[in-house]
Structure formats: structure tokens, C-alpha cells
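First comes the structure, then the notes that go with it.
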Amino acid sequence: MKNFSWQLILVFAVIVAAIIYVLPTFKPGLWPHRQINLGLDLQGGMHLVLEVDTAKAVEGQVERISQEIFEQLKKKRIRNVSLDRVNGTKIAATIHNPESLDKFNELLKEDFDFLKRSQETASGVTTLIIELSREESDQVEKLAVDQALETIRNRIDQFGVAEPDIRRQGENRILIQLPGIKDTDRAKDLIGRTALLEFKLVDDTQSVNAAVQGNVPAGREVLYRVDVDSETGKTSKVPLLLKKRTLLTGAHLTDARVDFDQFNIAFVSINFDKKGARIFERITGENVNKRLAIVLDDTIASAPVIQEKIAGGQARITGSFTLDEAKDLAIVLRAGALPAPVNILEERTVGPSLGADSIRKGLISMCIGGILVVLFMIVYYKGSGLIADLALVLNIILIAGGLAGFKATLSLPGIAGIILTIGMAVDANVIIFERIREELLLGRTPRAAIDAGYDRATLTILDANVTTLIAAVVLFQFGTGAIKGFAVTLSLGVIASLFTALVMSRLIFDYILMGRKVKTLSI
Amino acid sequence: MRFIKTETHINFIGKKNIAFYLSIACIAISFLSLIIHGGPRLGIDFAGGSLIQIKFTSATRIDDIKSGLKSVGLGKSSVQQFGERADNEFLIRTESTQRGGEGFTSNIKKALASSTGDQVEIRRIEMVGPQVGEDLKKKALFAMFYALLFITIYISGRFELKWMLSGVVAAALIGAVYIFNLFNVSIPFLIGAALLVSLVVFWFLELKFAMGAIVALIHDVIITVGLFSIFDKEFTLPIIAALLTIIGYSLNDTIIVFDRIRENSRKHHKKPLEFIINRSINETLSRTILTSLTTLMVVVTLFVMGGGIIHDFAFALIIGVLVGTYSSIYVASPILLAWQARAKK
Chain A
1189 MKNFSWQLIL VFAVIVAAII YVLPTFKPGL WPHRQINLGL DLQGGMHLVL
1239 EVDTAKAVEG QVERISQEIF EQLKKKRIRN VSLDRVNGTK IAATIHNPES
1289 LDKFNELLKE DFDFLKRSQE TASGVTTLII ELSREESDQV EKLAVDQALE
1339 TIRNRIDQFG VAEPDIRRQG ENRILIQLPG IKDTDRAKDL IGRTALLEFK
1389 LVDDTQSVNA AVQGNVPAGR EVLYRVDVDS ETGKTSKVPL LLKKRTLLTG
1439 AHLTDARVDF DQFNIAFVSI NFDKKGARIF ERITGENVNK RLAIVLDDTI
1489 ASAPVIQEKI AGGQARITGS FTLDEAKDLA IVLRAGALPA PVNILEERTV
1539 GPSLGADSIR KGLISMCIGG ILVVLFMIVY YKGSGLIADL ALVLNIILIA
1589 GGLAGFKATL SLPGIAGIIL TIGMAVDANV IIFERIREEL LLGRTPRAAI
1639 DAGYDRATLT ILDANVTTLI AAVVLFQFGT GAIKGFAVTL SLGVIASLFT
1689 ALVMSRLIFD YILMGRKVKT LSI
Chain B
4 MRFIKTETHI NFIGKKNIAF YLSIACIAIS FLSLIIHGGP RLGIDFAGGS
54 LIQIKFTSAT RIDDIKSGLK SVGLGKSSVQ QFGERADNEF LIRTESTQRG
104 GEGFTSNIKK ALASSTGDQV EIRRIEMVGP QVGEDLKKKA LFAMFYALLF
154 ITIYISGRFE LKWMLSGVVA AALIGAVYIF NLFNVSIPFL IGAALLVSLV
204 VFWFLELKFA MGAIVALIHD VIITVGLFSI FDKEFTLPII AALLTIIGYS
254 LNDTIIVFDR IRENSRKHHK KPLEFIINRS INETLSRTIL TSLTTLMVVV
304 TLFVMGGGII HDFAFALIIG VLVGTYSSIY VASPILLAWQ ARAKK
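Residue numbers (the numbering used here), protein chains in the order written: chain A, 1189 to 1711; chain B, 4 to 348.
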């Protein structure tokens, strides 16, 4: 009898706690506990896994270093050295006379000591292979992912999604979950574009067509501008020969805004910071009457002629944008360029109507399945069946409370897990009741039968449920997203059914028999 | 109310030979189907690819859909009806993981609207790139492997009540896996090897209960996979989850029966094993049928009313419940008998 009240308190405490956690889902704002988290497959939304192309990040760094070395060679007037890229991440410097070699080595030691160097000499010509050290390139890769994460977060913030979830996954992957998003194409574009803004000079002195055929002069490259005919809507690609060297990048932008020109066509107006403004002033000052190409992700947006020196650091990016395109461009320019391109590895998008349908179908199945089981238990076990049914209802409340309390996410397989629990939870009660029936048949009193029934069934019940629990825990560990939801509800269901069958229904039986001389048991 | 009046005396074990041939036949058919289909049919979760679920407002012909898809370069995709006929929903499945970025979905919508003359709604899109597909495959196989490992350790300890021995089993398994791993064997082989090693260890350590349980498990999984192959259903992540659940559930059943067998072995130690097993199964019959019944009730409801997405998952569970119950009686227990026959020789 002493144990009696202790167990009663425990049962009530657990039930009350569960109800406290569950109620906010039905009456939001009731008190400061959260509602049950719905997975993307139930509330609709987009799930993306991106991979940051860290190899390209390293290549980009090497390119920058290569350009710096080129500058330094010019400044220190070291001649007869030609730089080439090898294998994307190495620089091959070919030096044609030994004097230059000494000066070059000195330069490398002074300013570029962190680079790895290896030397080869063949027929009087020395080739130095320059590359980043292992630690350096690892560092570049790690920084690239960090920066990509931040940039994407900025872009999504500006896009305006409620409760986005953006996090790192593994070494170079990013996981993005955007609940409730409707325009998925636009969101993917916004997230995925590198948005590298570069200003390069157009080389009008040499032949574009020759370069397109394959004769690209040193230090030059061919990029294309996409023109859209406003009447026919047809696109055409116009090649331009550019000087490779990037004079200015979007890193110096302080602001980018959408504006409209006199034809009411949208363009993006950009502002540079002080340093960028100075560079821009110098570029425009030195190159009046030449064309400056504004390059976005290796595509030329426009290449206007520089009319005069532009001070004040303001410029326009035009290019037959729709309003949405201009808005999105402004967002990515403000948030910054991605340090390396990202690839979409996995996408799962569920429309809101499907999400609502799934919830509805899941709940209907749960209700119908539940009612079938409840009725069956009453018919088969009569009064005791009612006790088992009460345990079942409490099970569901406990699972829901657990979900809310542990901030777990409910998915469609998760609902299936709850439904499965309904069918399997009855098992514990069945085992106990069958034992009790057996004991009654052997001639024991109801009191003794119940005690014996519970005693002998307890170990068996624990046993049988452990294997389901092992399966659920393994699923939780290795499962992703929706499957994790299933593992959680299954585990909660098993634990809840153990609790209700062994502790709670026992309590009810004890209470019924308390102090009375009961001759028969409704079982 | 009772289904089983007290004291049934069905001679289950007497039918064990028929059951044996039935099981062998089922397993053979399963393997045959797998061989014919070139292995299990993998969904995009494991094989990579794209899946688009679309809904029309009225009845549409698949040919119209296909011609619309061709115009946007998705001519190689397969189109299947999804869910109820009245839903007008279809599943487009393609191997390409190209995401045409801007306007991809609106292009498809436009193309389909013009080729079928009907409004189309895109309900869901799933795209799994090849790397992620490989990752998920590995995860699924690891999940099955670890589940097997822990379950093996648990049942060898629990049944034989020789926890030291179960420790030995665990060590043997981990050791064997480590060695096989050195040979860079693929994961399915690893699992097969682990199973073989467990069986051999059980044989030598005479852990007959554990052996019976594991053989019943293998039997269940093979038949479930085989039925999926026969009905040409896809293996996706939820199906793997269903398989693991089935393993747990089938073991439940087996444990219940074995517990009884052990209890009756003590009570009736003078009677032959056949008698004990029969009696145990009869005694637990009520409980076995009832639990299977209630579980089937809910899972069939899920199968019928749960909608297309959870449909295959429910199907797997239904098979699992039925086969799991069968295997506790007709696979696990006869192995105990076979042991005794061996011991007598």
C-alpha cells in the first residue's frame, strides 16, 4: 500500500507534464511552450543540400596570387619571366635568364614566403612550380565553406523566409531548410548563384573573331554578353575580348538598389566603399573612351563606353532585367559573392497542398485505426479492455507531449510510427491479460491472478519491446529527416506503452480491487 | 470473448515439414525474382535521379504527359499513375539530376499544360544527386548492420542467459567485420559475412535459441525483399525503416514463444521437446493472433487510407507482420527441434 501512492503521484505527474506540452499545439499562445514541430513533408517547404566546390576556391586563390606576382614582377622590373597556370592549382613560372631567376627567387622569399616552390632546370630554362602548401589550401577550403554559409544566410535573410534552417553538414556541405516557401525556382537561384561581380577592360584593339576561333592572346579572354531582343524575346550571345585582369570586384560594394531608367526598365544602382570608389575613379580616369565590361559570373551584363572619369563611386548595372531579376541581383550583390560555386546535391520540395493532404490522411488513418483497436479491445476483454483503451489514449498524449517537449519534428513516417504504436502497444496489455486469464482458470482469486499476471508478464514485455527499441535507436542514428521522425515516435511509443501498461493500468486494477472483495474480474 | 477456447491442441510442429518446403519455396521465388529483375529496384534515394509528383484537375492520358515532357528535354522519364485513380496524380521519374535553375518548374508546367490541355499542379519534387545517393545507400546498410549486431548480442545474452558468451559473440562479429573491411569488401557482403559468422558462432557455442531467432529474421527479410521485387516496388529510405521495424517486431514474437518454451521445458522436463514446443505455441497462440490482429488493423488502415506516399511503407509492414508471425512458429521453433535431433546423434 505504501508503493501505491508513490506510483499514483508519478503517473499523474507524467500525464500532467505531457498535457502541458501538448496543449500549445491545439491552442497556440496558451503558454510559452512550443507547438509540435512539423516536418517539411507536412508543412510544405524546400530542403536543399549544397556542396561548396572548395577546389575552385583554391583555384581562385591561386589565380589571385598569380596576379599579385605578375604585378610585383612588373613593379620590380623583373623581365623574362612568364607565368602559366598548371593543373588549376599550380603556377609554372618559366625564367629565361639566371639573373631574373635570382631576382625572382628573392621576390618570392620576401613577399610570398608561404608558397611552396620546386625548381626544375632543362636546357638553360628554369621552371619554378609554385603552389599553396597543404595547410594553406586546407585553410582556404575551410574559410570558403564558412563564408559561403554566411553569404547564403544573408541572402535568405533578405529574401524573407520564416524560420529558415541553414547549417553546415560535414566538411563542405550546407543544409538548408526553408519551410513554407512557394517560389522554389527563384529561391534556388538566389541561393546557388555565385554572384561574382567583376569589372574588366574590353580590348578593342585585337580581333574578337580570331579569339573566338581559338587564338586567344596572352592575358586576354573571351566572354559573352547575352542580349535579349525586347520584341521577339530571342536571346543572342555576343562575344567580347576582355583583358583578363580583374580591376575591381563586388567585394567593394556598400549598397545595391533597384531603380528604373527613363524607359521604365529596371536596373541595379551600386555604391562602392571609399577604396572601391578610388579604384573606380582611377580606372575610369585612365581609360576614357575605352569600354568597361561589367561581368557577372563570367557573363557580361553590359560593356558601356567610359565617357569620363567617375568620382563618387556610383555605377549602374543594366541588362534587360525583369523586376524580379533586378531585385534578386540587388540581394546577391548586397549579401556578397559566394567564394566558390555551389552545386545542389539533394533537393526535396513539398508543396503546401500536399503537406496539408498528408496531415489529413495521416490523422484520419490514426483515428480510424485507433477506433478499430479500441472497439476490439472492449469486445474481447470487456471491462479490462476499457482499461487498455485508456492506456492507449494516454499513450498518444504521452507521445505528443514527448514530441513537443523534446522539440522533435513530426514527419509523415512519424505519424505512421504513432499509428504503428497504437497497434503494438496493445500487445503489452494483451500479454498481461492473457496471463491473468490463465491464472484465473487455474483457480486463483482475482487479486492473486492480477498480481501473478503482472509479475510473470513484466519480464516478457520488457524483453519484447527492447528489440523494437534497438531498431528504433539504430534508425534514429542513421536516418535522415523524415526517417528520424519515425524513429522518434516509435521510441516514444515503446517507452510510453511500457509505462502505461506496467505502471498505469496496474494502478487502475489495484484501485478497483482496493479494499473490496471482488469475486469476478471483467476480463 | 475468446478466439481461442482454452487449451487448443493444434499440432503445429507436425506440419513443420510442409512449412519447411513452403518456406524454401518462398525464399527460392524471392531469389528468382531478384535475379530476374537484376537486384532490388532502388528508388531515387539510393540510385539518384529526380521525382516529380504532379496533379491534374481532370483525367489525363499518360501519352499526353510524356509528349509534354519531351518538349522540355525530359523525354526519357517514366510516368506512372500515383495514388487513387480519382486523384489524377502522376509520378515522373527521371535519371537526370540536372536542375535547370530558373524557370525549371514553370517550364514544365507550361509544357504540360499545353500538351494535355489541363491545369497542372506540382505537388512535390525530389532530386537526389549521385553522391548523396551513395551516402544514403551506405547509411541504410550501416543501419541494418548495426541493428543486426546489437540484436545478435542481445538475443545471445538474453536467451542463453550467458552474457559472457554473448560478449564472445560480439567480439567475434566485430573481429570478423574488421578483417573483412581490410579487404575493402562492399557493405552488402559485410552484412552477409556478419550473418554467416554469427550463425557459425552460434553453432559452435550451441546457442540454439539465438540461432533460431536469427534464421527466422533472415527468412523474414528475404521474403519481404522478394515480395517487393515481385510486385515491382521501389526501395526507398522509408522501406528500409520498415524492414528494421519488421526485424524488431518479428523478434518480439519469437522471444514470446521462446520464453514460453523455456518455461515449459522446466515445468515438463520429462516430456519430449516436440510436445513442449507444441504446447508453448498453443499457449501463446491467443496472444500471437491478437497482437498480429491489432497491428494489422492499424497497418491495413494506413495502407488503405494513408495516401500514396506512405502506401509502400504500409505494404512492407503488412508483409512483415504476417511473415514474422509465421516464422516464429514455423522457422524458429523447428530449428530447436533440429538441434535436439543433432544432439541425440
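Beta carbons: idealized from backbone N, C-alpha and C, even for Gly.
Return the residue from the list B:VAL135, B:HIS40, B:LEU198, B:ASP235 that minimises the CA-CA distance to B:MET147.
Each of B:VAL135, B:HIS40, B:LEU198, B:ASP235 was checked against the Cα of B:MET147, and the nearest Cα belongs to B:LEU198.
Starting from the Cα of A:ALA1336, find the closest Cα among A:ASP1345, A:ILE1362, A:PRO1352, A:SER1321 and give me that residue.
Comparing C-alpha distances from A:ALA1336 to each of A:ASP1345, A:ILE1362, A:PRO1352, A:SER1321 shows the shortest one belongs to A:ILE1362.
Residue range of the beta strand (DSSP E) that B:PHE85 falls in?
For B:PHE85, the uninterrupted beta strand (DSSP E) run begins and ends at 81-85, by DSSP.
Outcome for A:VAL1414 when other beta-carbon atoms lying within 10 angstroms are tallied against a minimum of 16:
Taking all protein chains shown into account, A:VAL1414 has fewer than 16 neighbouring C-beta atoms within 10 Å of its C-beta and is therefore exposed.
Where do the ends of the alpha helix (DSSP H) carrying A:LYS1388 lie?
Segment 1385-1389 is the beta strand (DSSP E) holding A:LYS1388; no alpha helix (DSSP H) there.
Of the residues A:LEU1591, A:GLN1255, A:TYR1699, which one's Cα is nearest the Cα of A:ILE1207?
Checking every option, the nearest Cα to that of A:ILE1207 belongs to A:LEU1591.
Pick from B:GLN343, B:PRO337, B:LEU299 that is closest to B:PHE15, judged by C-alpha positions
It is B:PRO337 whose Cα lies nearest to the Cα of B:PHE15.
Report the three-state DSSP secondary structure of A:VAL1210 (helix, strand or coil).
A:VAL1210 sits in a helix when the DSSP states are folded into three classes.
Under 9 Å from the C-beta of B:ARG126: neighbouring residues of chain A
Within 9 Å Cβ-Cβ: VAL1538, GLY1539, SER1541, LEU1542, ASP1545.
C-alpha gap between B:ALA355 and A:GLY1602, whole angstroms
Nothing in the structure corresponds to residue 355 of chain B, since chain B is present only between 4 and 348.
With three or more C-beta pairs closer than 8 Å as the rule, is the region 72-83 of chain B touching the region 34-41 of chain B?
Below 8 Å, too few C-beta pairs join the region 34-41 of chain B and the region 72-83 of chain B to call them touching: fewer than three.
Of all the options A:VAL1483, A:SER1457, A:VAL1202, A:ASP1698, which has the alpha carbon lying nearest to the alpha carbon of A:PHE1448?
Here the closest residue by C-alpha is A:SER1457.
CB of B:MET308 within 9 Å of CB of A:SER1553, strictly:
Their beta carbons are under 9 Å apart, which means B:MET308 touches A:SER1553 by this criterion.
Answer yes or no: does any C-beta atom of chain A fall closer than 9 Å to that of B:PHE316?
For B:PHE316, the closest Cβ of chain A is nearer than 9 Å.
Would you report the Cα separation of A:ALA1660 and B:LEU25, rounded to the nearest angstrom?
So the alpha carbons of these two residues sit roughly 31 Å apart.
Would you decide whether A:SER1306 is buried or exposed? Buried here means 16 or more other CB atoms lie within 10 Å of its CB.
The residue is exposed, with fewer than 16 neighbouring Cβ atoms inside 10 Å.
In chain order, what residues of the region 297-308 of chain B put their CB closer than 7 Å to some CB of chain A?
Of all residues in the region 297-308 of chain B, those with a C-beta nearer than 7 Å to a C-beta of chain A are THR297, THR298, MET300, VAL301, VAL302, THR304, LEU305, MET308, reading in chain order.
Measuring only the C-alpha atoms, how far is A:THR1314 from A:ILE1283?
As the crow flies, the alpha-carbon of A:THR1314 is around 5 Å from that of A:ILE1283.
Report yes or no: is there a C-beta of chain B within less than 9 Å of the C-beta of A:PHE1564?
At least one chain B Cβ lies under 9 Å of A:PHE1564.
Once the 5 residues before and after A:ALA1645 are set aside, which same chain residues still bring their CB inside 6 Å of it?
Listed in chain order, the non-local C-beta contacts of A:ALA1645 below 6 Å within the same chain comprise ILE1619, ILE1620, ARG1623, local neighbours out to five positions each way being set aside.
Taking just the CA atoms, how far does B:ARG127 sit from A:GLY1227?
A direct Cα-to-Cα measurement between A:GLY1227 and B:ARG127 gives close to 14 Å.
Where A:ILE1711 falls: helix, strand or coil (DSSP):
DSSP places A:ILE1711 in coil when its eight states are reduced to three.
Below 8 Å on the Cβ atoms is my contact criterion, and I expect A:LYS1388 with A:LYS1431 to pass it. Report the Cβ-Cβ distance as a whole number of Å.
About 6 Å; that satisfies the 8 Å criterion.
Are the C-beta of A:GLY1227 and some C-beta of chain B separated by less than 9 Å?
Taking Cβ atoms only, chain B never reaches closer than 9 Å to A:GLY1227, which makes this a no.
Measure the C-alpha to C-alpha separation of A:MET1189 and A:GLY1550 and round it to an integer number of angstroms.
Annotation note: pLDDT 48 at A:MET1189 (below 50); position unreliable, coordinate value reported separately. For A:MET1189 and A:GLY1550, the distance between alpha carbons rounds to 43 Å.
For A:THR1457, which of helix, strand or coil comes out of DSSP?
Position check: residue 1457 of chain A holds Ser in this sequence, whereas Thr was assumed. The answer is strand: DSSP assigns A:SER1457 an E or B state.
Buried or exposed: where does A:TYR1642 fall if 16 or more other Cβ atoms within 10 Å of its Cβ makes it buried?
Counting Cβ neighbours within 10 Å, A:TYR1642 comes out buried, since at least 16 surround it.
Cβ shell of A:VAL1426 (< 7 Å), same chain only, five flanking positions each side left out:
TYR1412, ARG1413, ASP1415.
Pair within 9 Å by beta-carbon distance, A:VAL1682 and A:LEU1701:
Against a cut-off of 9 Å, the Cβ pair of A:LEU1701 and A:VAL1682 comes out as no contact.
Based on Cα-Cα distance, which residue from A:LEU1289, A:GLN1255, A:GLN1394, A:LEU1628 lies nearest to A:ILE1266?
The shortest C-alpha separation from A:ILE1266 is found at A:LEU1289.
So the alpha helix (DSSP H) A:TYR1699 belongs to, where does it begin and stop?
Membership of A:TYR1699 in the alpha helix (DSSP H) is indicated by the continuous run 1693-1701.
How many Å lie between A:GLY1276 and A:GLU1247 at the Cα?
Within the model, the alpha-carbon separation for A:GLY1276 versus A:GLU1247 is close to 6 Å.
Apart from the five residues on each side of it in sequence, which residues of its chain come closer than 7 Å, Cβ to Cβ, to B:LYS69?
Within the same chain, B:LYS69 has close Cβ partners VAL82.
Can you name the residues of chain B whose CB is closer than 7 Å to the CB of A:SER1553?
Ordered by position in chain B, the residues that pass the 7 Å Cβ test against A:SER1553 are THR304, LEU305, MET308, GLY309.
At 4 residues or longer, what runs of the alpha helix (DSSP H) sit wholly inside the region 1255-1318 of chain A?
Counting only runs of 4 or more, we get 1286-1299.
Could you name the residues of chain A that B:PHE145 contacts, counting a contact when the two beta carbons are closer than 7 Å?
Taking a Cβ-Cβ cut-off of 7 Å, the neighbours of B:PHE145 in chain A comprise PHE1666, given in sequence order.
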